[in-house]
Amino acid sequence: MLQLPRLLFIAAMFFMASTAYAAPVDIAADEIARNPDGTVVAKGNVIIKRVADILYADEVIYRTEQQVLEARGHVVIESPQATIRANEAVMNTGSQTGNILNAVITLPGGERLQAARLKRIDDQTFEAEEIIYSACPINEESWRVRANHALLDQQDGSLTTTDARFELWQVPVLYAPWWQQPLRRKSGLLMPSVGSGNRRGTEIGLPFYFAPAESWDATLTPRWMSARGFMGEAEFRHASSIGTETMSAAGINDTLTARSRVRLQSDIHWHLPAGFSFDVEADHVSDSDYLADFGTEEGSSTRYLQSSATLSQSGIYDNLEEELSLTAQHQQDLLLTSNATTLQILPRLQSSLIWPALPSLTLGFEQQTTRFDRRLGVDGWRMVLHPFMEIPLELAGGGISAKLHVGTHHTRYWLKQLAANAQSNPSRTTAEASLEVRSDFEGINSERTWRHAISPILRYDFVSAPDQSNLPNFDSTFGLLSWSNLMSGNRFSGFDRIEKANRFSLVLENRLQHKVNPESAATDFLVVRAGASYSLQRQTVDAALKPAATRPFSNLLAEITFQPASGISMYSSGQYNTVDRYWATISSAINLNGKMGNLTLSHQLTDARYTTESQLLNVAASLRLGNRWLAKGSWQYDHLLKISQYTSLGMQYQHPCWKLGAEGYRINRRTGTAKASNLGFRILLEFKGLGSVGS
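Count the sequence shown with UniProt numbering and you get residues 1 to 695, in order.
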């Protein structure tokens with residue numbers, strides 16, 4: 001027997017010289033021989049490699065004159081397009097055509113095509129007889145398509161069969177003289193959606209997916225609702241080198257309200273040259289009850305719908321940080337029957353310049369110019385100018401860090417639709433200064449696995465602001481005390497009001513961190529924070545928005561986060577009135593997350609002496625019952641109304657090849673045109689490779 005290295009050399013030289021192969025070929029086998037007629041015979045663990053294809057077999061016979069390769073015994077052909085396993089294969093090496101017996105084709109996505117006889121037309125196309133096709137794992141086959149004849153076109157991405165039978169658990173449930181199964185993105189009907197509820201009745205939707213080109217596609221869905229009539233839905237998607245666009249529309253001639261109702265949505269994101277970006281996020285409905293009647297549960301209680309288009313640019317030029325944006329914004333107030341008094345932003349120009357003039361000095365300038373527009377009520381232009389400087393400081397060798405901020409706000413208006421004797425061009429100028437000091441005192445154990453840090457943060461704010469009760473108010477509200485505004489000199493949102501302040505604020509943070517070993521990342525084990533402020537003056541700039549404080553001390557903010565182990569976290573935050581001795585707000589939550597499922601319990605309480613009273617309990621849980629069963633549920637209970645606002649309970653079976661789920665729900669919020677609670681159900685039936693049926 002020839003030695004293997006010599007054998008490989010002879011075989012490689014022979015195949016590379018063959019006119020049938022233009023690309024280099026490697027062959028390996030236990031035995032290789034060449035007969036006098038030019039036939040090459042390879043036996044035992046035969047491996048033939050050519051470009052991206054590899055053939056394995058027990059025996060290969062190559063007839064050089066006919067350019068025919070015969071492979072027998074445990075034949076495997078691997079390529080990027082598919083893996084073929086067969087008993088026998090006869091291939092033409094020139095045309096790459098051939099015939100394969102008792103073949104199983106496995107596609108890159110895991111789909112399998114089993115055929116008694118397989119004809120290879122080219123490397124992308126196969127004809128098959130007596131086939132079985134399925135996308136299920138081989139040992140978990142729940143559905144399959146059996147047919148007498150099939151054409152597998154990988155370039156087109158489809159499997160077309162004739163005389164086909166669709167089987168569930170090997171039981172025929174559907175016969176089709178013609179069946180086409182898409183193997184990738186392709187136009188065609190999708191699985192229908194079904195559901196039922198009090199507000200829309202029984203509903204059935206049949207989506208059609210349209211994919212005419214690689215860069216764009218669409219989904220068109222006619223939907224019938226027994227209580228509302230027919231709704232048409234369309235969503236168009238496009239992608240290019242500069243970004244993506246998604247636009248959707250839904251419309252119905254509502255038989256319950258006897259009027260046409262529409263929703264339009266758009267989402268566009270473009271990345272343009274010179275650092276520019278263009279973004280559009282639009283959402284508009286024909287009436288204030290549309291979301292309650294046809295929206296999802298998450299959006300059914302939304303008050304404002306906002307649509308905006310923004311052209312923005314940012315960059316750093318010679319150490320100068322610059323940001324620029326031009327925005328137009330439209331709002332719908334769904335609590336109002338008319339949008340005439342709702343303010344629109346048409347347009348807003350905003351810019352920012354930050355210049356680190358020195359290592360310890362930063363100069364900045366911000367401006368915002370806005371055109372507020374509405375049909376009824378005061379509107380007009382507002383310009384805000386905000387020059388400032390910041391000086392970072394480090395003391396005690398870096399143990400204490402501080403930042404001094406000094407600036408001014410100048411605001412000017414050009415107003416229209418004014419009341420009698422109102423000033424058309426009012427203005428306001430304020431001066432501001434703040435100093436924030438922070439220090440971290442830490443200790444680390446000898447193994448470097450525990451770290452304890454105590455961080456006091458002290459801030460002083462001084463803002464000189466005049467009375468502003470006669471100025472227009474387009475977008476300002478006074479924010480109740482929270483962690484987000486405790487260390488802020490101005491607790492008004494927007495720029496129409498700036499708080500007059502002479503105030504000290506203090507936060508004390510206690511943080512305990514742990515890591516498994518010195519090289520791993522640290523996680524928070526326990527975090528405790530407390531904060532409060534003390535005002536040296538208690539004057540208000542607008543009593544209608546913020547009444548004058550009756551005492552210098554604010555409420556006490558407290559927060560604790562405890563994570564004793566992986567998958568367990570507890571959180572509680574509250575605001576305590578130290579004078580009247582009551583908790584103004586309390587928010588608590590417990591989250592348990594593990595392999596068996598998760599559980600989240602949360603409770604929110606707001607006292608009526610502080611603001612609008614509320615008390616809600618929320619529970620959400622999922623539990624795995626074995627390897628494949630999953631139970632899910634959620635519940636929201638209103639303590640004040642003594643009623644369950646939302647309840648849902650569902651069960652899902654997750655098979656490797658299919659999924660079946662059902663969920664019942666009840667919503668007691670009486671919104672929408674039906675003016676009734678909503679009781680209904682959702683179902684989900686999904687087969688891998690076929691799509692899903694669900695609500």
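Think of the CB as a built atom: it goes at the ideal place given N, C-alpha and C, for glycine as much as any other residue.
Please read all numbers here as calculations on a predicted model, not as lab measurements.
_Residue(s) in a DSSP beta bridge with residue 270_ = As a first step, residue 270 must be located in the sequence shown, where it is residue number 270. Partner(s): 243, 278.
*asked:* So within the segment 57-114, which uninterrupted beta strand (DSSP E) runs reach at least 3 residues, ignoring any that extend past its ends?
replied: 68-78, 83-92, 98-106
_Alpha carbon of residue 466 to alpha carbon of residue 528, nearest angstrom_ = Here residue 466 refers to the residue found at position 466 of the sequence shown. Here residue 528 refers to the residue found at position 528 of the sequence shown. So the alpha carbons of these two residues sit roughly 38 Å apart.
*How many Å lie between residue 644 and residue 262 at the Cα?*
Residue 644 sits at position 644 when you count from the first residue of the sequence shown. Residue 262 sits at position 262 when you count from the first residue of the sequence shown. Straight-line Cα distance between these residues: approximately 31 Å.
*Candidates 36, 44, 53: closest to residue 26 by CA position*: Looking up residue 26 in the sequence shown gives position 26. Here the closest residue by C-alpha is 53.
*In three-state terms, what does DSSP make of residue 22?*
In the sequence shown, the residue the question calls residue 22 occupies position 22. Unreliable placement is indicated for residue 22, whose pLDDT of 42 sits below 50; the coordinate value is still reported in the next sentence. DSSP places residue 22 in coil when its eight states are reduced to three.
*Jot down the residue ranges of each uninterrupted beta strand (DSSP E) in the segment 434-462, minimum 3 residues, whole runs only, in chain order.*
441-444
*asked:* With a threshold of 8 Å, are at least 3 pairs of Cβ atoms found where one atom belongs to the segment 336-355 and the other to the segment 369-379?
replied: yes
*Tell me where the alpha helix (DSSP H) around residue 292 begins and ends.*
Residue 292 sits at position 292 when you count from the first residue of the sequence shown. From DSSP, the alpha helix (DSSP H) with residue 292 extends over 290-294.
*Cβ neighbours of residue 450 in the same chain (closer than 6 Å, five flanking residues each side left out)*: The sequence position of residue 450 within the sequence shown is 450, counting from 1. Answer for residue 450: 514, listed in chain order.
*Which value, in whole angstroms, describes the spacing of the CA atoms of residue 293 and residue 334?*
Within the sequence shown, the letter at position 293 stands for residue 293. Within the sequence shown, the letter at position 334 stands for residue 334. Their backbone Cα atoms lie some 13 Å apart in a straight line.
*Among 523, 534, 269, which residue has its Cα nearest to the Cα of residue 564?*
As a first step, residue 564 is located in the sequence shown; it is residue number 564 there, counting from the start. Closest by alpha carbon: 523.
_Residue environment, residue 4, which counts as buried when at least 16 other CB atoms sit within 10 Å_ = In the sequence shown, the residue the question calls residue 4 occupies position 4. Caution applies to residue 4, whose pLDDT of 39 falls short of 50 and renders its modelled position unreliable; the value that the coordinates give is listed next. Counting Cβ neighbours within 10 Å, residue 4 comes out exposed, since fewer than 16 surround it.
*Can you tell me which of the three DSSP states residue 419 falls into?*
For the purposes of this step, residue 419 is taken as the residue at position 419 of the sequence shown. Residue state, collapsed to three classes: coil.
*Classify residue 688 as buried or exposed, calling it buried when 16 or more other Cβ atoms lie within 10 Å of its own Cβ.*
Working through the sequence shown from its first residue, we reach residue 688 at position 688. Answer is buried; the Cβ neighbour count reaches 16.
*Taking all protein chains shown into account, do 16 or more other C-beta atoms lie within 10 angstroms of the C-beta of residue 680, making it buried, or fewer, making it exposed?*
Translated into the one-based positions of the sequence shown, residue 680 becomes position 680. Answer is buried; the Cβ neighbour count reaches 16.
*Less than 8 Å separating the beta-carbons of residue 536 and residue 490?*
For this step, residue 536 is matched to residue 536 along the sequence shown. For this step, residue 490 is matched to residue 490 along the sequence shown. Result no, Cβ atoms of residue 536 and residue 490 do not sit closer than 8 Å.
*Run through the segment 462-499 for me and flag every whole alpha helix (DSSP H) of 4 or more residues, listed as ranges in chain order.*
none
*Count the other CB atoms, across all protein chains shown, that sit within 10 Å of the CB of residue 500; report buried if there are 16 or more and exposed otherwise.*
Locating residue 500 in the sequence shown gives position 500, counting from the first residue. By the neighbour-count rule (16 or more Cβ atoms within 10 Å), residue 500 is buried.
*asked:* My assumption, with CB atoms under 8 Å, is that residue 269 sits in contact with residue 243. Please give the rounded CB distance.
replied: As a position in the sequence shown, residue 269 is number 269, starting the count at 1. As a position in the sequence shown, residue 243 is number 243, starting the count at 1. Correct: roughly 5 Å between the Cβ atoms.
*With DSSP collapsed to three states, give me the class of residue 135.*
Taking the first residue of the sequence shown as 1, we reach residue 135 at position 135. DSSP places residue 135 in coil when its eight states are reduced to three.
_So, under 8 Å CB-CB, residue 640 and residue 615 are touching, yes? Tell me the CB distance rounded to an integer number of Å._
Walking along the sequence shown from the start, residue 640 turns up at place 640. Walking along the sequence shown from the start, residue 615 turns up at place 615. Yes, they are in contact, since the Cβ atoms of residue 640 and residue 615 sit about 6 Å apart, within 8 Å.
_Is it buried or exposed, residue 736, if we count other Cβ atoms within 10 angstroms and call 16 or more buried?_
Not covered by the structure: residue 736. The range shown for the chain is 1 to 695.
*Output the distance between the C-alpha atoms of residue 22 and residue 51, rounded to the nearest integer angstrom.*
The sequence position of residue 22 within the sequence shown is 22, counting from 1. The sequence position of residue 51 within the sequence shown is 51, counting from 1. Only weak support exists for where residue 22 lies, its pLDDT of 42 falling under 50; the coordinates are left without a value.
_Counting beta carbon pairs with one atom in the segment 474-483 and one in the segment 427-438, are three or more of them shorter than 8 Å?_
no
*Determine the direct distance from the alpha carbon of residue 295 to that of residue 200, and round the result to whole angstroms.*
Here residue 200 refers to the residue found at position 200 of the sequence shown. Here residue 295 refers to the residue found at position 295 of the sequence shown. Cα to Cα, residue 200 sits roughly 11 Å from residue 295.
*Taking the C-alpha atoms as reference points, what is the distance between residue 390 and residue 457?*
Against the sequence shown, residue 390 aligns to sequence position 390. Against the sequence shown, residue 457 aligns to sequence position 457. Residue 390 and residue 457: Cα-Cα distance of roughly 18 Å.
*Span separating the alpha-carbon of residue 76 from that of residue 218*: By one-based count along the sequence shown, residue 76 stands at place 76. By one-based count along the sequence shown, residue 218 stands at place 218. Answer to the nearest angstrom: the Cα atoms are 39 Å apart.
*Member of 509, 518, 377 whose CA lies at the smallest distance from the CA of residue 561*: The residue given as residue 561 occupies position 561 in the sequence shown. The residue with the shortest Cα to Cα distance from residue 561 is 509.
_Distance CB(residue 257)-CB(residue 673) smaller than 8 Å_ = Translated into the one-based positions of the sequence shown, residue 257 becomes position 257. Translated into the one-based positions of the sequence shown, residue 673 becomes position 673. Yes, the pair counts as a contact, with Cβ atoms nearer than the cut-off.
*CA-CA distance, residue 277 and residue 245?*
By 1-based counting over the sequence shown, the position of residue 277 is 277. By 1-based counting over the sequence shown, the position of residue 245 is 245. Taking the straight line from one Cα to the other gives about 13 Å.
_If you reduce the DSSP assignment to three classes, tell me which class residue 530 lands in._
Numbered from 1 along the sequence shown, position 530 holds the residue referred to as residue 530. Residue 530: strand per DSSP, three-state reduction.
_Just to confirm my understanding: we take residue 18, look at its own chain, exclude 5 residues before and 5 after, and list those with CB closer than 6 Å. What are they?_
On the sequence shown, residue 18 is found 18 positions in, with the first residue counted as 1. In this prediction, residue 18 has a pLDDT of 39, which is less than 50 and means its spatial position is unreliable; nothing more can be read from the coordinates.
*For the beta strand (DSSP E) holding residue 173, just list the boundary residues, first then last.*
Taking the first residue of the sequence shown as 1, we reach residue 173 at position 173. Unbroken beta strand (DSSP E) run through residue 173: 171-182.
*Backbone secondary structure at residue 398 - three-state DSSP*: Taking the sequence shown and counting its residues from 1, one reaches residue 398 at position 398. It is helical.
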